[in-house]
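As C-alpha cells, the structure follows; a few thoughts come after it.
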Amino acid sequence: MISFSHLIVPLVSLILFTVFLFKWYGNPSSTARKRLPPSPPKLPVIGNLHQLSLLPHRSLQALSKSYGPLMLVHLGRMPVLIVSSADAAREIMKSQDVIFSNRPKLRVIDKIIYGSKDIAFAPYGEYWRQVRSICVLQLLSNKRVQSFRRVREEEMSLMIEKIKCSSSSSINLSNIFVSLTNDIICRVALGRKHIDAQESTKIVSKLKEFQELAGFFNLGDYIPWLDWINRVNGFDANVEKLARWFDDFFEGVIEEHRDRKKGETNVIDSSNEVDLVDILLEIQRENVAGSPIENDTIKAVIFDMFVAGTDTSSSALVWTMAELLKHPKSMEKLQNEARQVAGSKLDITEDDLDKMLYLKAVMKESLRLHPPAPLLLPRESTQDSKILGYDIAVGTRVIINSWAIARDPFSWENPEDFCPERFLDTGMDYRGLNFEYIPFGAGRRGCPGITFAMTVDELALAKLVLNFNFALPHGEVEKDLDMTESPGETVCKKIPLLVTVKENDKY
Ligand code: HEM
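The structure is reproduced here in C-alpha cells:
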C-alpha cells in the first residue's frame, strides 16, 4: 500500500511545476507567449548596429525586404520597431496614434535643445500641446502664413536678382536655397535678417553641424555603458560647444527683443509686424498660456523653427531642381506651364500657384523620391499594443521609414522612376491621409509646417523656371549629375548643386 508520505514529494513537485507553468505562460509580461515581429540575427552587445550604414533609411529598407514591413531590430540592447509599409504606418499613426505619439529621450537633443523643451522632441502631453498650439497659431496657421506674403515676395525677388547679377560661371543653387529659407525663417521668427553675411554663414554652418550630430546614431543612447567613448573621441565636447553657441545666439536675440520692446505693451494685439520671439515674450509676460513660459522654452521653440524650417525646405528645393535637370522633358513641361500662367504680366505670384498643377505634381514627386526626413522623427509607445497581429511592448522605440514606404512596389508603379505625371489626376496628397506617401509624417506628431514650407518652395520653383533656363556646368550631361545623399537627420544632396543659368530675356 502506498502511504501518504510517499505521495508528498511528487505532489509538491507537481504543485511547483504547475505554479511555474502558470507564471511562465500566464504572466502577460512574459515574452514566451508574445508574438514579436521578425528580427534579423543580432550580435552580442551591438545587436544590429553593424548593419546600419550612414544612410540608415537605405540599410533598413534592405533589411525589411528580408524581414518584412514590421521588423524589430536591436540597436545595442534596445529593440526598435521599424515600419516600412503603408498599412503598418496607418496602424501606428492613425488607428493607434495616441499610443505612439511620444518621443524617446535622446541625449544630443536633450543637451542642445534645453532638455527637449521644443515641440519636435517634447514628450507627448500638456506641455507639448501648449507649445505646439502657440506655434501653429502664431506662425504656421494658413492665416499667419498668408500674412508673411510680403516677406516671401521680397526674399524671392532678392534671390532672382542675386542669380541675375552673379558674375560667376556657375551658380551654387544649394547655397542660394539655404539662404532663402533661412532668411525667411529669420525674418518671421526673429523679426530681422542676420546682422551680416558672417552671422548668416555662421548660423547655417552651426545648423549643419547640429544635423550631423543629431543624425549620428549616438552610441550612448543605445549602449549606455559605452558612453565613455563619446567622451574620449570628442563627440560630447563638440555637442557641449554647439549647445553653448546656440544658447549665446538665442540669448542675444531675446535680449535684443526685450530692449526693443521696452516701454511698449500688448504686442500681440498691435500689428502683423510682430515676430515669434515678440509673441513668446508677450505670452511669458502676460502668462497667457496659464503656466509660465521659461526662457528655455522660448529658445527651444525658436531653435525648432530654424532646424525644422531651413534645411528641410531648402533640401526639397535642391532635390527638385536636380531631378528636373536630370529630366529635361519634365523641366520643359514645367517651364511651359509657368510661361502660360505668367502670360502677359510676365510674373508669377502666390495667387497663380493653384493653377500650376504640373508644378505641384513635380514637387510631390520630388518629395516622394527624396523626403528630406526619410525616417520621420522617432516615436515611442506608451502602452502595450498589437500592430498587424504582433505584440509591441510599452516603451518600444519606433522608426517609420517613409523613404522605403514611398518606394514600395506594392503601392507604386516603377517606384524608382521620376514621373510627376503619376500625381496628376489623383487626390494623393502629403498631408498625412495617404499612408503610402508621408514625407511630412502624419497624426498628432505630423509636421505643422507644411503650408509654410510648401508656399515657399512652390513659389521659388515657379519663379526660377520662369526666369531662367538652367543647365549643368562644364559640359556635364544629365546622367553625370551626382545624386548621392549626405548623412544626417535631414538628408540633403551631398555635392552642392551647381548650374549655369541663361536669363530668359522676356522676364
Ligand atoms: C519640406 C519641408 C519640411 C518637411 C519635409 C518636414 C518634415 C517633417 C517631418 C517628417 C516631421 C516629423 C513628423 C512625424 O514624426 O510624424 C516634422 C515635424 C515637425 N516639423 Fe516639419 N517639415 C518641413 C518643414 C517644416 C517647417 C517650415 C516648419 C516650421 C517652420 C516645421 C516644423 C516642424 C515641427 C515643429 C515638427 C514637430 C512636430 C511635433 O513633434 O509635434 N517643419 N516635419
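Numbering (UniProt numbering), first residue to last: 1 to 507. Glycine is no exception: its CB is placed at the ideal position from the N, C-alpha and C atoms. Just so it is clear, the structure is predicted and the values come from calculations on it, not from any experiment.
Could you check the C-alpha separation between residue i and residue j for me, to the nearest Å?
i	j	result
D408	N336	32 Å
I185	P41	45 Å
S270	V145	Any reading at S270 is ruled out, since the residue's pLDDT is 41, under 50, leaving its predicted position unreliable.
E209	W245	11 Å
I119	V131	6 Å
L81	I279	39 Å
E489	S344	43 Å
Q322	P37	First, the residue type needs correcting, since residue 322 is Ala and not Gln in the sequence shown. Cα to Cα, the separation comes out at about 38 Å.
A189	V456	15 Å
V499	V45	47 Å
D351	L139	20 Å
I450	R33	43 Å
N272	R150	In this prediction, N272 has a pLDDT of 48, which is less than 50 and means its spatial position is unreliable; what the coordinates show is noted afterwards. Cα to Cα, the separation comes out at about 11 Å.
T484	D183	27 Å
A471	I400	36 Å
H50	K502	47 Å
V465	A338	7 Å
K479	K326	7 Å
K202	R368	31 Å
D417	K299	42 Å
N175	K164	15 Å
I229	F410	42 Å
N238	E251	20 Å
G446	K333	32 Å
S39	V394	18 Å
D391	N469	55 Å
residue 512	S53	The structure shown does not extend to residue 512, since the chain is modelled only from 1 through 507, so no value can be given for it.
L219	E413	38 Å
Y114	G215	18 Å
S141	I283	18 Å
L213	F121	15 Å
D247	A62	40 Å
K493	D110	27 Å
N172	R35	52 Å
R154	S315	As written in the sequence, residue 154 is Glu, which differs from the Arg given in the question. Each residue's Cα considered, the two are about 21 Å apart.
I495	V318	11 Å
L276	A308	15 Å
Y430	D227	38 Å
N48	V73	6 Å
T396	M356	43 Å
I160	N504	12 Å
S66	A342	50 Å
P420	W225	48 Å
E380	K193	37 Å
N102	K329	44 Å
I need the boundaries of the beta strand (DSSP E) containing residue i, first residue and last residue.
i	result
residue 510	Residue 510 lies beyond the residue range present for the chain, which begins at 1 and ends at 507; the question has no answer from this structure.
A471	F468 to A471
M156	Note, M156: premise wrong, no beta strand (DSSP E); alpha helix (DSSP H) at R149 to C165.
V73	L70 to L75
With residue i as the anchor, note down where its alpha helix (DSSP H) starts and where it stops.
i	result
F435	First-last for F435: undefined, no H or E at that position.
N238	F235 to K261
R107	R107 to I112
N295	N295 to K326
W128	E126 to C135
Y67	P56 to Y67
D278	L276 to E286
W228	W228 to V232
R90	A86 to R90
For residue i, which beta-bridge partners are listed by DSSP?
i	result
S205	BP columns for S205 are empty, so no partner.
D354	Its beta-bridge partners do not exist; DSSP assigns none.
R397	V80 and E380
V391	The sequence shown places Asp at residue 391, not Val. Paired residues: K386.
V501	F470
E485	K493
S102	Looking at the sequence itself, residue 102 is Asn, so the reference to Ser does not match. DSSP lists E380 as partners of N102.
G47	L43 and L75
N172	L498
Is the beta carbon of residue i within less than 7 Å of some heavy atom of the ligand SAM?
i	result
R445	Of the ligands one can find in the structure shown, namely the ligand HEM, none is the ligand SAM.
Could one say the Cβ of residue i lies closer than 8 Å to chain B's Cβ atoms, at least one of them?
i	result
L375	The question asks about chain B, but that chain is absent: this structure has only one protein chain.
Uninterrupted beta strand (DSSP E) stretches inside the stretch 404 to 431 (no shorter than 3 residues): Taking only runs of at least 3 residues, no beta strand (DSSP E) segment lies wholly in the stretch 404 to 431.
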